[in-house]
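Residue numbers (our numbering): 53 to 444. Here a beta-carbon is modelled for each residue, glycine too, at the ideal position from N, C-alpha and C. Computed from a predicted model, the values in this text were never measured in an experiment.
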Ligand SMILES: Cc1cc2nc3c(=O)[nH]c(=O)nc-3n(C[C@H](O)[C@H](O)[C@H](O)COP(=O)(O)OP(=O)(O)OC[C@H]3O[C@@H](n4cnc5c(N)ncnc54)[C@H](O)[C@@H]3O)c2cc1C
C-alpha cells in the first residue's frame, strides 16, 4: 500500500486491507440486502489485532495514530458501511471508558472490546434530546445502594448487541447539562432494561440501531464513570473521535462509489475510448478524484492536529465532519448519475454507498450543529482579534 501521509502506518493499513478483501467486501451486499449484523467482519478485524486502533497495546489496541485509524475506517466504509459503523462504535464506547473509567472499568472492558469478546455501545440520544443535551430526561436517581434508572434512549448503534453500554443520564433534570453523568453498564446484570428491535433504515442496514428502555433499573454506584455532573465534559471530549469516524466514513463512501464507476467504465471500455461521451465521463472522474483527494487531505491534516495539538481542535473536527460527510453524499450521488440507469442497480453498489452516506451527515451531531460550532469559533476568533488589536 502507498500513501503520501507520513502519519499513516502502512503495515496496519495492509492488515486492514487483507481483512476487507477476505471477509468484509465479499459480504457487503448481503449484509445490506438482508440487514444482517456484520459480525464476521468485525470479528475478523479483532482477530487480526485491529479491534480498536486508538487504544494502547497494553490494553489490546493497536496504538496507531488517528490518521491511521481514519484511513483504515475509510477503507472499511468504502467496502461496507454497516461494518464500518459497528466497528467505529466499538471505539466510541472504549474511548470514554479510557478517558474517565475507573482502573477496574478500564481493565474489565477495554481489552474485551479490543479483542472482540465484547460489543460496546454509547447511549446519549433520546426522543427529545440529542443535539440539545441539556434536555436529557433519562434520570439516574440516587438510592441507598446506588442509582435507579428510568427513561428511554433512541437510535443507539449496537444497542441490542451490546455487552457494555456507556450511558449518559441526568442526576437532576433541573441542572441541564450540569446534571449529565456517565455510567458503564454491564447488560448481563441489568434488571429493568430492554432493547427494541433493529430499526428499518435507509442505509447501513446491517448496523443495528435500536431504542433502549430503562424502567426502575437498579445499578450500583461503582457503575458511575467519574463524578456526578462530569458527563457533559466527557461527551465533548468523546465526540472529537466519533466525528473523525463520521468524516472518515464520508471519504470512504465517496471512494467506494467512485471505484464502482471506474470498474463499470472499464467493463464498458470507457476509460480509453475517445468518444465525446467517454471523455465527459473521464473528465468527471478526474474532477471527483480531486474532490476525494482534497477531502482525504483535510481529514489527515485534522487527524494530525488531534494527535499533536495541546487543545482539542473542536472547530476543525466539526469542519472535517461536515465537509467529508457532505462530500460522501454528493460524490456518491454523482456516481449514481454517471452510471445512467445502471446507477439504480444494486449489483454495482453505487446506490448502496449513496444510501450509506446520507445518514453520516446526521449522526454524531448533524451538520447544522457542526456549522453552529464553526460559526461560534469564527465569532470567538474575531472577538479575540478585536481584543488583541484593541490592546495594541
Ligand atoms: C444510524 C444512526 C445511528 C446513531 N447512533 C447513535 C448512537 O450510537 N448513540 C447515540 O447516542 N445516538 C446515536 N444516533 C443519534 C444521532 O447522533 C442524533 O440523532 C443526531 O445527533 C441528531 O440529534 P437529535 O436526534 O437530537 O436531532 P435534532 O436535534 O432533533 O435534529 C432535528 C433537526 O433539527 C436541526 N437542529 C437541531 N438543533 C438545531 C439548532 N440549534 N439550530 C439549527 N438546527 C438545529 C438538526 O440539524 C436536524 O436537522 C444515531 C442516529 C442514527 C440515524
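Per DSSP, what kind of secondary structure is residue i in: helix, strand or coil?
i: residue 427; result: helix
i: residue 238; result: strand
i: residue 58; result: coil
i: residue 264; result: strand
i: residue 366; result: helix
i: residue 69; result: helix
i: residue 444; result: The pLDDT assigned to residue 444 is 46, lower than 50, so where the model puts this residue is not dependable, and the model offers no usable value.
Between residue i and residue j, what straight-line distance do the alpha-carbon atoms span, to the nearest angstrom?
i: residue 426; j: residue 359; result: 20 Å
i: residue 86; j: residue 229; result: 39 Å
i: residue 177; j: residue 206; result: 6 Å
i: residue 407; j: residue 208; result: 19 Å
i: residue 93; j: residue 362; result: 35 Å
i: residue 321; j: residue 392; result: 15 Å
i: residue 430; j: residue 394; result: 44 Å
i: residue 245; j: residue 441; result: 56 Å
i: residue 105; j: residue 183; result: 28 Å
i: residue 220; j: residue 268; result: 16 Å
Have a look at the options and flag the residue whose alpha-carbon is nearest the alpha-carbon of residue i.
i: residue 346; options: 138, 399, 379 and 244; result: 379
i: residue 157; options: 193, 234, 118 and 223; result: 234
i: residue 250; options: 213, 223, 239 and 149; result: 213
i: residue 216; options: 417, 272, 172 and 241; result: 172
i: residue 102; options: 355, 64 and 186; result: 64
i: residue 349; options: 311, 336, 317 and 299; result: 299
i: residue 293; options: 114, 60, 128 and 148; result: 148
i: residue 162; options: 60, 373 and 111; result: 111
i: residue 285; options: 203, 151, 140 and 144; result: 151
i: residue 432; options: 256, 296 and 367; result: 367
i: residue 265; options: 252, 201 and 412; result: 201
On the criterion of 16 or more Cβ atoms from any shown chain inside 10 Å, does residue i qualify as buried, or is it exposed?
i: residue 444; result: Confidence is the limiting factor: at residue 444 the pLDDT is only 46, short of 50, which leaves the residue's position unreliable, though a coordinate-based value still follows. Exposed, by the Cβ-count rule.
i: residue 89; result: buried
i: residue 439; result: exposed
i: residue 179; result: exposed
i: residue 197; result: exposed
i: residue 375; result: buried
i: residue 437; result: exposed
i: residue 422; result: buried
i: residue 71; result: buried
i: residue 271; result: buried
Look up residue i in the DSSP assignment and give the residues it is bridged to.
i: residue 269; result: 201
i: residue 208; result: 262
Using a Cβ-Cβ cut-off of 9 Å, state whether residue i counts as contacting chain C.
i: residue 305; result: This model lacks chain C altogether, as it is built from one protein chain only.
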